[in-house]
Each structure stands twice: as structure tokens, then as C-alpha cells.
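Peer 1: Got a structure here, written out as C-alpha cells. Questions coming.
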Ligand SMILES: NC(=O)C1=CN([C@@H]2O[C@H](COP(=O)(O)OP(=O)(O)OC[C@H]3O[C@@H](n4cnc5c(N)ncnc54)[C@H](O)[C@@H]3O)[C@@H](O)[C@H]2O)C=CC1
Ligand SMILES: O=C1O[C@H](COP(=O)(O)O)[C@@H](O)[C@H](O)[C@H]1O
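Numbering (UniProt numbering), first residue to last: 1 to 263.
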């Protein structure tokens with residue numbers, strides 16, 4: 001039996017998108033500061049493998065991480081408008097606590113939920129709204145420096161740099177997924193930017209599965225579906241991770257799929 005994968009923030013939107021599609025793909029350990037109802041637990045996950053804890057609680061985090069081969073780290077304050085004291089504690093201090101426990105216990109891979117907001121300031125007045133449209137060829141590809149939209153984006157860029165530090169000094173494999181806009185069922189309606197960076201639930205789960213299974217050193221990739229509208233390249237995710245997204249926001253008209261076919 002393979003060693004388990006620890007998923008933090010398991011009760012949230014991204015966590016549930018992953019567990020809904022990958023519930024049986026791995027042996028899971030789940031961590032969230034909120035208790036997880038039975039409806040949020042995949043079949044086969046034992047309550048002993050569920051940790052109700054804050055990610056800044058070093059002792060519990062270390063216990064949860066110990067023996068895992070990989071960590072998917074989602075827990076944090078996801079609000080673009082989050083204030084500094086919250087992102088400092090939940091996103092920066094919490095992520096450093098996760099990395100420290102991971103390297104102390106010999107975890108091989110660390111998958112970090114970064115964000116479009118780490119690079120939101122590339123969306124300048126002169127580029128928008130054209131860059132959100134299919135005929136525009138502006139692309140960010142993960143090699144650019146962060147240009148955060150807000151303090152939340154600063155915390156995500158800091159998480160990426162923490163990963164760089166722990167990779168360089170402790171040899172842990174790290175992939176940062178700059179997630180776009182995860183929306184269940186259909187792309188955001190009347191929101192061009194959101195359609196350009198839509199990540200469907202099935203593509204989200206597939207991408208994080210590839211992050212656990214692929215081999216890499218230190219990577220920054222974009223987490224969006226294969227949208228006709230896009231200003232994030234997914235070439236690196238395809239090449240390094242074997243990401244093969246199946247969804248495209250252009251195939252949706254509001255909440256209707258153009259073929260009447262929803263996966
Ligand atoms: N949903 C999206 O479209 C995007 C999400 N992300 C990132 O993905 C991650 C997950 O986001 P969502 O699932 O949307 O958020 P969410 O708010 O739905 O889920 C976050 C989960 O983490 C838990 N959590 C928060 N702070 C914690 C702490 N200090 N200790 C332990 N647990 C804690 C919460 O209880 C919650 O269950 C976040 O890091 C967010 O920044 C990034 C880009 C886009
Ligand atoms: O990082 C995040 O980004 C998504 C999309 O950003 P938005 O500015 O288009 O709303 C956001 O919904 C999510 O809460 C956040 O964590």
C-alpha cells in the first residue's frame with residue numbers, strides 16, 4: 001500500500017472538488033480546522049485519519065504529516081480582500097509550519113495552492129479587457145515575477161517563495177498551482193475574466209492528481225481548464241505534470257453546455 005497523501009483545507013471548495021473525484025485514488029489523511037461532516041468524507045477514509053486542527057498547530061501538523069509521501073496544501077484564507085493579520089497567520093505562518101513539518105518527516109512532494117492573485121497586477125488597464133478574449137495572445141507562463149493584486153496575493157507569492165527555499169535547502173519537490181477561478185458545474189456567468197481562468201471541478205481534481213503522481217523539482221504552473229479565452233499558459237502543466245484538461249469555458253452558454261452534454 002502506498003503511503004498516504006495529506007490534504008489540508010479538505011472541507012473547502014477545492015478540497016471537496018479533489019475528494020469528490022479522487023476519493024479512492026489515494027490513501028488520504030485530511031486536515032481542516034472545521035470538523036468534516038460524513039458527507040465530506042470519501043468512502044474508506046477512517047475518522048482516525050481526519051485531523052481537526054489549525055495548520056499553525058505544530059504538534060498536530062507534524063503528527064498528521066508523519067508518514068505521508070505528499071502534502072496537498074490548500075488550507076488558508078482564500079479571500080482576495082483578506083486583511084494582513086489573517087493572511088500573515090493563516091497563509092504565511094501556516095504554510096511555513098506545513099513545510100517545516102513536511103521536510104522534518106521526509107515528505108517527497110509538496111503541492112501548494114497558489115492563486116491568480118499572485119500575478120493579478122499584470123492585468124493592467126491597457127491590457128484589459130482584451131487579454132480576457134480568445135483572439136488576444138498575451139500569456140503568463142509561470143516564469144514571470146509575482147505582481148500581486150492584493151495582500152492575499154502577496155501571501156500566495158510568499159508561499160511560492162517558501163517552497164523555493166524548502167526545495168533548495170531540503171530537496172523536497174514542490175509544485176505551486178496558481179489556481180484560476182474554480183466554479184462548480186459551469187463557468188462564471190457574465191464575468192469574462194472568470195471565464196478566461198475557469199477551472200472546472202473535474203479538471204481541478206485531475207490536475208492535483210497529476211501533481212501527486214508526476215516527477216518534478218520546483219515548478220509554478222497555472223490551474224485553469226483548456227479555455228479558448230486564456231491569458232495563462234497551461235503548457236508547463238501539460239509538459240511537466242501530464243495535465244490533460246477536458247473542459248473549456250467556451251463550450252458553455254451561461255449555465256447551458258453547447259452540446260447539452262455535461263460531464
Ligand atoms: N477557489 C478558488 O477559485 C481558488 C482557491 N485558491 C486557494 O485554494 C485554497 C482553497 O481554497 P477554497 O477551497 O476555495 O477555500 P475554502 O474557504 O472553501 O476552503 C478553505 C478550507 O481551509 C480551512 N482553513 C482555513 N484556514 C485554516 C487554518 N488556519 N487551519 C486549518 N484549516 C484552515 C477552512 O476551514 C476551509 O475548509 C486556498 O489556499 C485558496 O487561496 C486559489 C485560487 C483560486
Ligand atoms: O484566489 C482566489 O481566486 C478566485 C478567483 O478570483 P476572483 O477575483 O475572480 O474572484 C476567488 O474566487 C477565490 O476566492 C480566491 O481564493
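Using N, Cα and C, we set each Cβ at its ideal position, and we do this for glycine too.
#1: Check whether the Cβ atoms of residue 233 and residue 141 sit closer than 7 Å, and answer yes or no.
#2: Taking only the alpha-carbon atoms, compute the straight-line gap between residue 44 and residue 144 and give it to the nearest angstrom.
#3: State buried or exposed for residue 220, treating a residue as buried only when at least 16 other CB atoms are found within 10 Å of its CB.
#4: Return yes when the C-beta of residue 53 is under 6 Å from any heavy atom of ligand 4, and no when it is not.
#5: Out of curiosity, what's the CA-to-CA distance linking residue 77 and residue 257?
#6: Is residue 207 buried or exposed, if buried means 16 or more other CB atoms sit within 10 Å of its CB?
#7: Can you name the residues that DSSP bridges to residue 336?
#8: Give me the Cα-Cα distance between residue 246 and residue 205, rounded to the nearest whole angstrom.
#9: Quick check for students: name the residue ranges of the alpha helix (DSSP H) that lie wholly in the region 175 to 234, counting only runs of 4 or more.
#10: Can you list the alpha helix (DSSP H) stretches of 4 or more residues lying completely in the region 56 to 101, in chain order?
#11: Tell me where the alpha helix (DSSP H) around residue 161 begins and ends.
#12: Consult DSSP for residue 38 and reduce its assignment to one of helix, strand or coil.
#13: Over the uninterrupted beta strand (DSSP E) stretch that includes residue 29, give me the two end residues.
#14: I think residue 218 touches residue 240, with their Cβ atoms under 8 Å apart; what is that distance to the nearest whole Å?
#15: How many Å lie between residue 91 and residue 130 at the Cα?
#16: Which of helix, strand or coil does DSSP assign to residue 113?
Peer 2: In short:
#1: Yes, Cβ-Cβ distance for residue 233 and residue 141 is below 7 Å.
#2: Straight through space, the alpha carbons of residue 144 and residue 44 are spaced by roughly 41 Å.
#3: Answer is buried; the Cβ neighbour count reaches 16.
#4: What this structure holds is ligand 1 and ligand 2, not ligand 4.
#5: The straight-line gap from Cα to Cα measures roughly 32 Å.
#6: Buried is the call here.
#7: It is not possible to answer for residue 336, since the shown part of the chain is limited to 1 through 263.
#8: Distance between residue 246 and residue 205, taken at the CA atoms: about 12 Å.
#9: The region 175 to 234 is shown to contain whole alpha helix (DSSP H) runs of 4 or more residues at 192 to 196, 201 to 213, in chain order.
#10: Runs of the alpha helix (DSSP H) spanning 4 or more residues and lying entirely within the region 56 to 101 occur at 58 to 65, in chain order.
#11: Per DSSP, residue 161 belongs to the alpha helix (DSSP H) from 151 to 170.
#12: Of the three classes helix, strand and coil, the one that applies to residue 38 here is helix, per DSSP.
#13: In this chain, the beta strand (DSSP E) harbouring residue 29 covers 28 to 32.
#14: Not a contact, Cβ separation roughly 11 Å.
#15: Using only the alpha carbons, I get a separation of about 32 Å.
#16: DSSP places residue 113 in the strand class (E or B) of the three-state scheme.
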